[in-house]
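Visitor: In this note's numbering, the protein residues as written are 84 to 285. The structure is given below, and queries will be raised subsequently.
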Amino acid sequence: MAGKQGERARRRLSTEERREQLLTVGARLFSESPYDDVWIEQVAEIAGVSRGLLYHYFPTKRDFFAAVVERESGRMLRMTAAVPGVPVREQLSAGLDTFLGYVEEHAHGFRAFHRADAAGDQAVRKVYRQALAAQERQILAALAADPELGWAPEDRPELRIAVRGWLAFTTAVCLEWLRGAELTRAQVRDLCARALLGAIAP
């Protein structure tokens, strides 16, 4: 009887739940160590699964890390999506506040995402850069759709470079903040908001 109860307590995870569990473990390990220092066996051990099962979900370590990067990128894109029809200036602080809440709550995943560019594997770096390009496009689209600004990249060629630079700035600020920089979330938010408005100013 006790054995059956134990089996029920250890409910089998669905395919999606198991995949999410593995990606969560991966995000933590990749945020703490360089790509080459993370072993698939370690991921499997922490998740309580066999190495074979992990390879069933992710055929190679590169596939696994790429999936971690894509997962974190998707989260950030969803959380920073602009509200159509609302001026960027009006929603910038609220959007950054939401994003910084994510950075705090998912610090491991955020660090893992930004470790990708340092990975020696060119395919992994490509996934990371594609994710950054998606963020850049999302911001440029929000600026183009802004009822007050309506700035498209073709109208202001320097805008794309400004947004790209701002993304690098914001990443550096957030990573320093996570390392223990003595700034409140509100201070980080305001710093990043001022930087974007300054970068895109004509």
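By construction, the Cβ of each residue, glycine as well, lies at the ideal position given by its N, Cα and C atoms.
Tell me which residue opens and which closes the alpha helix (DSSP H) that Asp180 is part of.
Guide: In the sequence shown, counting from the first residue as 1, residue 180 sits at position 97. Residues Val171 to Glu188.
Visitor: Pick helix, strand or coil for Phe252, following the three-state DSSP scheme.
Guide: For this step, residue 252 is matched to residue 169 along the sequence shown. Three-state result, Phe252: helix.
Visitor: Leaving out five residues on either side along the sequence, give the residues of the same chain with a beta carbon under 6 Å from the beta carbon of Tyr211.
Guide: Along the sequence shown, read from residue 1 onward, the residue named residue 211 stands at position 128. Excluding positions up to five away in sequence, the list reads Val152, Ala199 and Asp200.
Visitor: Whose C-beta lies closer than 8 Å to the C-beta of Ile123 among residues of the same chain, with five residues either side of it excluded?
Guide: Stepping through the sequence shown from its first residue, residue 123 is reached at position 40. If we look at Ile123 and ignore the five residues flanking it on each side, its Cβ neighbours are Arg134, Leu137, Tyr138, Lys144 and Phe147.
Visitor: Report the start-end ranges of each alpha helix (DSSP H) in the segment 201-268 that is 4 residues or longer and not cut off at the edges.
Guide: DSSP runs (the alpha helix (DSSP H)) wholly in the segment 201-268: 205-228 and 241-261.
Visitor: Contact check, Thr253 vs His197 under 8 Å by CB: the rounded distance?
Guide: In the sequence shown, counting from the first residue as 1, residue 253 sits at position 170. In the sequence shown, counting from the first residue as 1, residue 197 sits at position 114. Rounded, the Cβ-Cβ distance is 11 Å, inconsistent with contact.
Visitor: Which two residues bound the contiguous alpha helix (DSSP H) that contains Tyr140?
Guide: Indexing the sequence shown from 1 puts residue 140 at position 57. Element bounds for Tyr140: Arg134 to Tyr140.
Visitor: Hey, Trp234 and Leu279 are a contact pair by Cβ (cut 8 Å); roughly how many whole angstroms apart?
Guide: Along the sequence shown, one-based indexing puts residue 234 at 151. Along the sequence shown, one-based indexing puts residue 279 at 196. That pair is no contact at about 13 Å.
Visitor: Let me confirm a value: Ile222 is counted as buried when at least 16 other C-beta atoms fall within 10 Å, else exposed. Which label applies?
Guide: Indexing the sequence shown from 1 puts residue 222 at position 139. Buried, because 16 or more other Cβ atoms sit within 10 Å of the Cβ of Ile222.
Visitor: Does the Cβ of Ser156 have 16 or more other Cβ atoms within 10 Å, making it buried, or fewer, making it exposed?
Guide: Translated into the one-based positions of the sequence shown, residue 156 becomes position 73. Counting Cβ neighbours within 10 Å, Ser156 comes out buried, since at least 16 surround it.
Visitor: Quick one, which of Pro167, Gly109, Glu187 and Arg220 has its alpha-carbon nearest Val272's?
Guide: Walking along the sequence shown from the start, residue 272 turns up at place 189. First, the residue type needs correcting, since residue 272 is Arg and not Val in the sequence shown. Measuring from the Cα of Arg272, the nearest candidate turns out to be Glu187.
Visitor: By how many angstroms is the C-alpha of Thr163 removed from the C-alpha of Leu179?
Guide: Position 96 of the sequence shown holds residue 179. Position 80 of the sequence shown holds residue 163. Going from the Cα of Leu179 to the Cα of Thr163 covers about 7 Å.
Visitor: Using CA coordinates, which residue listed in Leu242, Val108 and Ala224 is at the minimum distance from His189?
Guide: Translated into positions along the sequence shown, residue 189 becomes position 106. Answer by Cα proximity: Val108.
Visitor: With a 10 Å radius around its C-beta and 16 neighbouring C-beta atoms as the bar for buried, classify Val166 as buried or exposed.
Guide: The sequence position of residue 166 within the sequence shown is 83, counting from 1. Label assigned to Val166: exposed.
Visitor: So, are the CB atoms of Leu112 and Val126 less than 8 Å apart?
Guide: Numbered from 1 along the sequence shown, position 29 holds the residue referred to as residue 112. Numbered from 1 along the sequence shown, position 43 holds the residue referred to as residue 126. In contact: Leu112 and Val126 (Cβ atoms closer than 8 Å).
Visitor: Can you give me the C-alpha to C-alpha distance between Arg161 and Ala282, rounded to a whole angstrom?
Guide: Along the sequence shown, read from residue 1 onward, the residue named residue 161 stands at position 78. Along the sequence shown, read from residue 1 onward, the residue named residue 282 stands at position 199. Spanning the two alpha carbons is a distance of roughly 23 Å.
Visitor: Just reading off the alpha helix (DSSP H) that Asp146 is part of, what are its end residues?
Guide: By one-based count along the sequence shown, residue 146 stands at place 63. Lys144 to Met162 is the extent of the alpha helix (DSSP H) around Asp146.
Visitor: Taking the alpha-carbon of Tyr140 as reference, which of Asp120, Pro117 and Arg102 has the nearest alpha-carbon?
Guide: For the purposes of this step, residue 140 is identified with residue 57 of the sequence shown, where counting begins at 1. It is Arg102.
Visitor: With burial defined as no fewer than 16 other Cβ atoms inside 10 Å of the residue's Cβ, what is the status of Lys87: buried or exposed?
Guide: Position 4 of the sequence shown, counting from 1, holds the residue named residue 87. Note that Lys87 scores a pLDDT of 45, beneath 50, so its modelled location is shaky; the value from the coordinates is reported in the next line. With fewer than 16 Cβ atoms within 10 Å of its Cβ, Lys87 is classed as exposed.
Visitor: In or out: Ser97 buried (at least 16 other Cβ within 10 Å) or exposed?
Guide: Translated into the one-based positions of the sequence shown, residue 97 becomes position 14. When all chains shown are included, Ser97 counts as exposed.
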